[in-house]
Amino acid sequence: MKISNKKKKYFQTESIVLNLFNLGEADRIVTLLTPNYGIIRAVAKGVRKPNSRMGGHLDILNKINSYVRIGENLNNLSQADTIDSYSEIKQNLKKISLCFYILELSEKFSVENDPNNNIYQLLEEVLESIKSVENDELLIRWFEIKLLISAGFLPELYNCLVSGKKLKEGDHVFSFEEGGLIDYHYYSESLNHSIILKKTIKATRFLVDNNWSDVNKLNISQKTINDIKIIMQRYIRTLINSRVNSETFLSLIHNN
Amino acid sequence: MVPLNNSQFFLTSLNRLIESFRRLPGVGPKTAQRLAFYILKMQEEDVREFSDSLTDLKSQILYCNICQNISEKLTCEMCVDKTRDDSLVCVVEDPMDIYVLDKAGIYNGTFHVLHGSISPSRGIGPEELRIKQLLERIKKNINIKEIIIATNLNLEGEATAMYLQQILSHENIKITRLARGLPSGSDIEYADQTTISHALNSRVDINENIK
């Protein structure tokens, strides 16, 4: 959806600040995720100065009400008001590292000026859950899977991607190139394949089909969560064709 | 209007200069062209001085072996200055922050420059900052009694401050963070909720201040 038309010069939207880049002496380019316009990049003038009215509202992670003036090349952020600054999260380094990872993934799977309300709602729900979450590893795995679904990359978990037949219960193979499961006897070490255990498949299917409140009640072993992590992170890397930068910091903080 | 294609209209040397200016932050194609043409009109001697200052910047500037600030000597002027209180170390993100803090005239301790803040999405983690050098400095200098963390007051600066607090918590040193609150000359009407809550939480007794 193209947001700019000749009559419309401004629009107001709720958004979450994904990233900030310094521009010139006191300006910043703000990357916002919005429910109706996808990713929006806009220049926020003078926000690095202490007396800026907008500066305090524009921090990574903040949910804000934003007023954007549509420009020919770059949009301008003319006003911003905080809806939620997620201060409970910002006091905990472990939770911050989680958010950096989640925000980076949300940015990588969202498209500029293309609305995907599902990604915005998912991000909102995850940030709300992080405030009080105990099993954060499971929450990240659930987020990764739901994000892939919202972005249209849900891995095939029921039928073999080579033969097309319904997979029997048991251990199988995850093909990162094909984007899902294939029957065990198609496994090849030289191809982009990884063996996936029966209980990992079952747990992944559960994460796909359920919302966080149900998943949170589930007792999944740390080993299974780890197995899902290895599969999902490698699948994501194949999809975006690069590493997720925040992965390193997340591991550093979580392993300490 | 069709944008000018530099390579078509300008000489190679002029083009190179325009492209070099364009790499600078906040300089667009028009400004780059204006600067390049201005240099073309300058006296040859002035241009030589200008280019020498650019090359000297890279060849003569080092990082101080104590505070990691930019310096022309192995140890910078501030670190050899005996009048400064070396029991205080103020940790900042960038060399520019030192000048601002020092200009205020109320701090007479030493500094440590991290050269950035933790920014995971840009691939900048603790390993990329000069945190290791800070730990070594603390081990070597038993005089250090307090570390003042003066990283920027945004999520990346806060993450850096919390990480420093975590790794320094084992040392027998007082760790402090710059106060947060309303800037001088500002209107409460326009303050955001984070700033207001910090200002309220760190409010001070007015009677004590008057004394």
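Residue numbers (this note's numbering), protein chains in the order written: chain D, 1 to 256; chain X, 257 to 467.
For each residue, glycine too, the CB sits at the ideal point set by N, CA and C.
Here the structure is a predicted model, which means the values were calculated and not measured.
Through-space distance from X/GLN449 to X/THR432, alpha-carbon basis: To locate residue 432 of chain X, count along the second sequence from 1; it is residue 176. To locate residue 449 of chain X, count along the second sequence from 1; it is residue 193. If you take the alpha carbons of X/THR432 and X/GLN449, they lie about 23 Å apart.
Three-way DSSP call (helix, strand, coil) for X/HIS426 in this model: Within the second sequence, numbered from 1, the residue matching residue 426 of chain X stands at position 170. In the structure shown, X/HIS426 sits in coil (DSSP, three-state: anything other than H, G, I, E or B).
Through-space distance from D/LEU161 to X/ILE387, alpha-carbon basis: Counting from 1 along the second sequence, the entry for residue 387 of chain X is found at position 131. Counting from 1 along the first sequence, the entry for residue 161 of chain D is found at position 161. Roughly 48 Å separates the two Cα atoms.
DSSP three-state assignment for D/VAL30, whether helix, strand or coil: As a position in the first sequence, residue 30 of chain D is number 30, starting the count at 1. Correct three-state label for D/VAL30: strand.
Chain D contact for X/TYR446 (CB, 7 Å cutoff): Reading the second sequence from its first residue, position 190 is the one you call residue 446 of chain X. Yes, X/TYR446 counts as interfacial toward chain D.
Proximal chain X residues relative to D/ASP59, where beta-carbon distance stays under 8 Å: In the first sequence, the residue the question calls residue 59 of chain D occupies position 59. Near D/ASP59 (Cβ distances below 8 Å), the residues of chain X are ASN410, LEU411 and THR450.
Distance cut-off 6 Å: D/SER106 Cβ against heavy atoms of the ligand MG: Although the ligand MG was asked about, the structure shown includes no ligands whatsoever.
Member of X/GLN299, X/ILE423, X/SER315 and X/ILE462 whose CA lies at the smallest distance from the CA of D/LEU252: Taking the first sequence and counting its residues from 1, one reaches residue 252 of chain D at position 252. Here the closest residue by C-alpha is X/ILE423.
Given D/GLU124 as reference, the closest of D/SER85, D/TYR158, D/ARG53 and D/VAL111 once Cα atoms are compared: In the first sequence, the residue the question calls residue 124 of chain D occupies position 124. For D/GLU124, the nearest C-alpha among the options comes from D/SER85.
Chain X residues whose Cβ lies nearer than 7 Å to that of D/LEU93: What you label residue 93 of chain D is simply residue 93 of the first sequence in a count that begins at 1. Ordered by position in chain X, the residues that pass the 7 Å Cβ test against D/LEU93 are ALA415, MET418, TYR419 and GLN422.
Chain-ordered residues of the region 366–400 of chain X with a beta carbon less than 9 Å from chain D: ILE374, SER375, PRO376, SER377, ARG378, GLY379, ILE380, GLY381, PRO382 and GLU383
Contact under 7 Å by Cβ, X/PRO439 with D/ASN51: Stepping through the second sequence from its first residue, residue 439 of chain X is reached at position 183. Stepping through the first sequence from its first residue, residue 51 of chain D is reached at position 51. Their beta carbons are under 7 Å apart, which means X/PRO439 touches D/ASN51 by this criterion.
Nearest-angstrom Cα separation, counted from D/GLY55 out to X/MET298: Position 42 of the second sequence, counting from 1, holds the residue named residue 298 of chain X. Position 55 of the first sequence, counting from 1, holds the residue named residue 55 of chain D. Whole-angstrom Cα-Cα distance: 40 Å.
8 Å Cβ cut-off: residues of chain D touching X/SER442: Within the second sequence, the letter at position 186 stands for residue 442 of chain X. The contacting residues are PRO50 and ASN51.
X/SER269, buried or exposed, once every other Cβ within 10 Å from all chains shown has been counted against 16: Here the question's residue 269 of chain X lines up with position 13 in the second sequence. Exposed, because fewer than 16 other Cβ atoms sit within 10 Å of the Cβ of X/SER269.
Spatial distance of X/GLY441 from D/LYS49 (CA atoms): The residue you call residue 441 of chain X lines up with position 185 of the second sequence. The residue you call residue 49 of chain D lines up with position 49 of the first sequence. Distance between the alpha carbons of X/GLY441 and D/LYS49 is about 12 Å.
Contact with chain D by X/GLY282, beta-carbon distance below 7 Å: Counted from its first residue, the second sequence places residue 282 of chain X at position 26. It does; some Cβ of chain D falls within 7 Å.
Buried versus exposed call for D/VAL173 [16 or more other C-beta atoms within 10 Å across all chains shown]: Here residue 173 of chain D refers to the residue found at position 173 when the first sequence is read from its first residue. With 16 or more Cβ atoms within 10 Å of its Cβ, D/VAL173 is classed as buried.
Where the beta strand (DSSP E) through D/VAL43 begins and ends: Mapped onto the first sequence, residue 43 of chain D falls at position 43. Element bounds for D/VAL43: 38–44.
As assigned by DSSP and simplified to three states, the class of D/ALA80: Locating residue 80 of chain D in the first sequence gives position 80, where the first residue counts as 1. Strand at D/ALA80.
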